[in-house]
Structures are given as structure tokens and as C-alpha cells.
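Read through the structure below, which is laid out as C-alpha cells, and then see the notes.
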Amino acid sequence: MINKVWKIKETEDTFTIKTLSESLNISETLAKLLVQRGIRTFNQAKNFFRPSIDNLYDPFLMDGMDIATKRVINAIVNNHLIYVYGDYDVDGTCATSLLVLFLKELNANVEFYIPKRLEEGYGISKEGLDFIKSKNASLVIAVDCGITAVEEAEHAKQLGLDLIICDHHQPKEQLPDAIAVLDPIKPQCNYPYKFLSGAGIAFKLAQGISGRVGKRDLPLKYLDLVALAGAADIVPLTGENRILVKEGLDQINKNPRPGIEALIQSAGIQKGSLTSGQIVFTLAPRINAVGRLGDARRAVELLITDNINEAARLAEILESENYERRKIDGDTFDYASSLVENSLDLKKELAIILHQEEWHPGVIGIVASRLVEKYYRPTIMLTTVDGVAKGSARSINNFNIYEALKKCEDVLLHFGGHKAAAGLAIELDKIEEFRLRFNQIVRESLSEEDLIPEIEIDTEVKFSEITPKFLRIIEQFSPFGPGNMRPVFLTRGVNVLNTPRVVGNNHLYVTFKHKTNQKVIDSIGFNLGEYLDLLKENKNSEFDIVYVIDKFEKDGRIFPQLRLRDLRISQTLNSQENK
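For the record, in the sequence shown the residue sitting at position 198 is 180 according to the working numbering, with numbers rising by one throughout.
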């Protein structure tokens, strides 16, 4: 059990909170949550609760859009073969599906290419471009990849292939020499919103094209794919992303396309109530599984089919591969955990760097994330592919793992990613040197306090505040994700009612009663089974609990359920919470 620091957000603008509370006729607690999200006026709140497609930015504000749209339209008019070159994760397969469906709607001659993860690795490859050239294509549109493909862009030029790159990842110093590079975070791009997903960039390209050909609203029918990608790729759900994901979720819940409906059914989710969280934890792993273990083309085929029976068949394949992926995950995690416990001294080595040549390359990123959750250390998992160590890196708060890898790039074959996650490759005989260098960087960058996980709490509430109206308004804060996380609450002085127990796979189930008004609410703490003894041994004590609020329906009525994040015996919280 890792001790966590509880930190309550400071919100000192009581005048704005009170004014917003009165103008919206909501509690000051809810008004405080809005102010924390940068919402300070009635009109800002209106736009937050009612995000509108009308507030999307003009796609031609993105550098390269003018050239890209003209080249695509030229290919359509002249019936040139266009290849959409995607990636094997949710964002990449959704972006690919979006452009394939959109271009077919414009009667384009279009095919798609998804690299095989285990054979080609991430991003544009020369082998992939050679294959596309052999099909007599003239234009390649890379989605969710390509921003670092400098050599590959040159190879495309030598082959006589025009290349358009639609990416949202961090560029390096040299941009690829493509005919157009669409990436809002590249230098000299003045597009106002910088955090679109790969599918979001593909959507903006579709918007630009449709505007030129007089079918401005055509791309809107593919917002369901943008929502899947945006939620799954953990991009900030603010600004334009919030609009795109909310509209896309509405489409999915009202009229899902056959592939998404089949996926929802196979996952056992109730149709019509899909949330961004269910995409992250339920649908995304199924889409990712076929790319991790085999051929991600099947995910694209599922998303673009209009045949219900074909969709059901492909969804079953995704379900089966996800089951197999989970088994491999579990075995790998158990072995990796044993290596950490028995082979590493975490007082000396602040980072976890593990290498086993037999680990499956499709699951080590997931396992790295689980190790970060368990040990709260920057973690790198490596396996051996074709005589080279390849792997995934995952980080903690306050540590930019991309920049750390950049400081070691002289011992790496290649790397790419962002501050929280990255991929890398290294010669086998350089692993130990890399381990020493990387650990030194971590030691220089992080303090002991940085290695204690922190729970950021939005505000303190009493159980009496959690009314049906409170629940309805909290739900209107959705879709939840980075930049707009589900609010985290603190309630002090609750008693345990009845006997707490562990259910499922180490999940804590406990009912709490608040001392101030005797209100009773059930709670579930996923993977918090280790707290059971604490609750039983101190059953007459008062506890402070940190949680987010879920809801469930029974007999036509809506009830709150607390999803516990942490708990402790009631005390005067340390000064860390008010830093």
C-alpha cells in the first residue's frame, strides 16, 4: 500500500463562486468546480454545458491545410489511388476509418494501410511505402503518425509518392519534407487549439476538403470515430476536443454505426449510455488488442463496415484477442513485479527498467503503466525484436519522460512520444549504459516528495449535498478526461456501516454513514482490498474518504455510488493538502 498525499485545490475567488452560483441557480460547491475549470461567467458556463459545433475553428487556420486539401481534391478529380496510412492503436484506426469513409463518400479511389506492429513497428516505414507504390498509388495520407518520419518522407519522394502528414505528436527539430504537414504543435502553426487527437486532425482535413467541394456538413457524420479516438488517446477534453467528443458520444448513443454497436454488445455495455470512461476501459482495449497481438486492419474493417453480420463477426475476433491479451498481460505483470521485488533496489534505482527477450511487444506498454500505478516510478519495459531491444516508457507526475530519453538519444536507435509515454529502441549491448544514464537523469530531476503519489481533491463536501440535482449537474460536466476530470471529493468524519468486504478481483465494498446528518451511501474501491483490515480493526473510528461520484439506477430511481480513491482514519490532514 503506497501512502498518498492529499492536496485540496485552492479556489480563493469567493465572489465569482457566489455570483456564478446565484446566476446558474446551483450550489456554491458546483460553482466552485466550474471556476476551477476556468469558467467564471454565465455565458462561459452556457458554452461549457452546451458545447456547439458552431464553435469549432476554421480548419484553414492550420498550417498546410490549403495545400493538403487542394492535393486531395486533385487526386479525387483525376481518380488517382489514395492510400490512408494509419497506426494500429485506437486513434490511428479511427483516423484511418474516418478518412476512408469520408473519401469514399466523395467517390475517391481510396485504400488503407496499417503497419503490422510486430513486424514493422510504429509509424511510416519504407517497406509500407514500397508496398503502396507497388499498387500504383500517387498520394499517401499518413494519420496519427509521420511527424518524425524524415527519412521515410524522403523515400516517398524518391518513389514518386506525394505525402500528406496528419499527426498530433511532438515534432523533432527537422520536419519531414512532405507536401503538407498538418500538426498544430509544429513550429509556425498558428492553429488556436493544440491538443487534437490524430483522428481530430483527420477530421479537420475532412472539414477543409468538404468546405472546398460544397459539402460542409459531411464530416459531421464521422464524429463518433473522433469521440472514440479522443477518449481512448487520453487527449485533454477541453475546448475543441470537448465539443468533438461530446457530439460524437451523442451520435454513438443515439445511432451507433454497425461496427461500434457490435463492439458495445460484445463488451456487455448497455446501449445508449456509453461514456468516455467506458471507451477508455472497455472499448479501447478491444480495439487495441488486435493491433497488439496481430493485424489491426481488422479494427478498421470493423469500423468501416455497414454490414451488421460482418460487424458481429469482427467484434467477436476483437473480443477473443482481447481475452488472450489480458492473459498475457497478467502473466507479464506478475513476472515483472517479481523482478522489481527481487532484483531492484528502489532506494538506489529511482526508475524501473526491465528487459526480457521473450516478453510480448504488444503488451509491455500496458504492463509498464500498471507498474507505474503499483510502484510510482518512471518505468521502461523492453523486449527483444530482431536482435534489438524495443520497448515502452511510462512516467509519473513532474517527470517528462520524452525529454529524459532525448538526453540519452546518443545511446538509443530511436525514440518518440510525449511527456507521459514514449517508445524506444536500443542495441542490446547498450541497455546497461542506458540504465545508468537514465537513472542519473531521474535522480537529478526528482525529489523524494516527487516519488509520493498525489491525489488532487477538487473540494470538500458533506453527504447531505449529494442530492439528485447535484448528481444531474455533475453528469453535465461530462465528457470527463484530462483537463476536465471527474471531480474528486473529500468527506470527513464518516462511519463504516455494516461489514466491509472484498468483492471481485480485490475490490473493496463498504457502506458509509456521515456523522453530520446520518446519510448513508454505498462505495466501491477498485483494487483497494488491502484497506479491509484497516476498516475492520478500526470499525468504531471515523474515516476521511476521497472519491468520485458514480450513479446507478434501481427501480427507476437514480442513486449515488462513491468510487473510492483513498481513505484514512480521521485526522487533521497534513499541510501538504493545502500547498
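The C-beta atom is built at its ideal place from N, Cα and C for all residues, glycine as well.
Can you tell me whether Ile15 is buried or exposed, with buried defined as 16 or more other CB within 10 angstroms of its CB? First, the residue type needs correcting, since residue 15 is Leu and not Ile in the sequence shown. It is buried - the Cβ of Leu15 has at least 16 other Cβ atoms within 10 Å.
Report yes or no: do the segment 204 to 217 and the segment 11 to 28 share at least 3 C-beta pairs separated by less than 8 angstroms? no
I need the straight-line Cα distance from Lys115 to Asn89, nearest angstrom please. 21 angstroms
For the beta strand (DSSP E) holding Ile67, just list the boundary residues, first then last. The sequence shown places Tyr at residue 67, not Ile. Element bounds for Tyr67: Leu63 to Tyr67.
Endpoints, the alpha helix (DSSP H) within which Gly230 is located: Gly221 to Lys236
If you compare alpha carbons, which of Leu328, Tyr70, Leu205 and Ala350 is closest to Thr314? Ala350
Take Lys98 as the anchor and find which of Leu472, Ala271 and Val502 has the nearest alpha-carbon. Ala271
Rounded straight-line distance, which links the Cα of Leu200 to that of Trp(-12): 47 angstroms
Could you pull out every residue in the same chain whose Cβ sits closer than 7 angstroms to the Cβ of Ala135, ignoring the five residues on either side in sequence? Leu145, Pro158, Asp159 and Ala160
Cβ shell of Arg239 (< 8 angstroms), same chain only, five flanking positions each side left out: Asp206, Leu285 and Asp288
Report the option in Ile251, Phe494, Ser79 and Glu(-6) whose CA atom is closest to the CA atom of Val282. Ser79
Return yes when the Cβ of Ile35 is within less than 9 angstroms of the Cβ of Ile225, no when it is not. yes
Are there 16 or more other CB atoms within 10 angstroms of the CB of Val59, so buried, or fewer, so exposed? exposed
Taking contact to mean 3 or more Cβ pairs, one atom from each stretch, closer than 8 angstroms, check whether the segment 532 to 540 and the segment 493 to 501 are in contact. no
Reduced DSSP category for Ala119 - H, G, I as helix; E, B as strand; rest coil: coil
Determine whether the beta carbon atoms of Ala407 and Ser377 lie at a separation below 9 angstroms. no
Helix, strand or coil for Ala162 per DSSP? strand
Cβ of Ile310 within 9 angstroms of Cβ of Gly273? no
Lys518 by DSSP, collapsed to three states: which one? helix
Could you tell me the distance, in whole angstroms, from the CA atom of Gly182 to the CA atom of Gln233? 16 angstroms
For Gly399, does the three-state DSSP call read helix, strand or coil? strand
Three or more C-beta pairs below 8 angstroms linking the segment 499 to 516 and the segment 417 to 428: no
Chain-order list of residues whose beta-carbon lies under 7 angstroms from that of Tyr70 (same chain, five-residue window excluded): Ile96, Pro97, Arg99, Gly273 and Ala278
Decide if the segment 292 to 308 is in contact with the segment 365 to 383; the criterion is three or more beta carbon pairs, one per stretch, under 8 angstroms apart. no
Between the C-alpha atoms of Asp564 and Asp440, what's the straight-line distance to the nearest angstrom? Look at the range of the chain in this structure, -17 to 561, and you will see that residue 564 is not part of it.
Using only alpha-carbon positions, find the residue among Ile106, Ala297, Gly142 and Ile455 that is nearest to Lys117. Gly142
According to the neighbour-count rule (16 or more other Cβ atoms, all chains shown, within 10 Å of its Cβ), is Gly463 buried or exposed? buried
Between Asn324 and chain C, is any beta-carbon pair separated by less than 9 angstroms? Considering every chain present, this structure includes no chain C. It has just one protein chain.
If contact is defined by three or more beta carbon pairs under 8 angstroms, each pair taking one atom from either stretch, is the segment 329 to 345 in contact with the segment 361 to 374? yes
Span of the alpha helix (DSSP H), counted from its first residue to its last, around Arg454: Pro450 to Gln458
Val393 and Arg419 closer than 9 angstroms at C-beta: yes
Inter-residue CB distance, Pro469 and Val530 (contact presumed, cutoff 8 angstroms): 7 angstroms
When we look at the beta-carbon of Val72 and count the other beta-carbons within 10 Å, is it buried (16 or more) or exposed? buried
Please list the segments of the beta strand (DSSP E) lying wholly inside the segment 359 to 391, counting only runs of 3 or more residues, in order along the chain. 361 to 367 and 370 to 376
Quick one: give me the first and last residue of the alpha helix (DSSP H) that Tyr357 is part of. Ile346 to Tyr357
Going by CA-CA distance only, name the one from Ile8, Arg19 and Ile(-10) that's closest to Met467. Arg19
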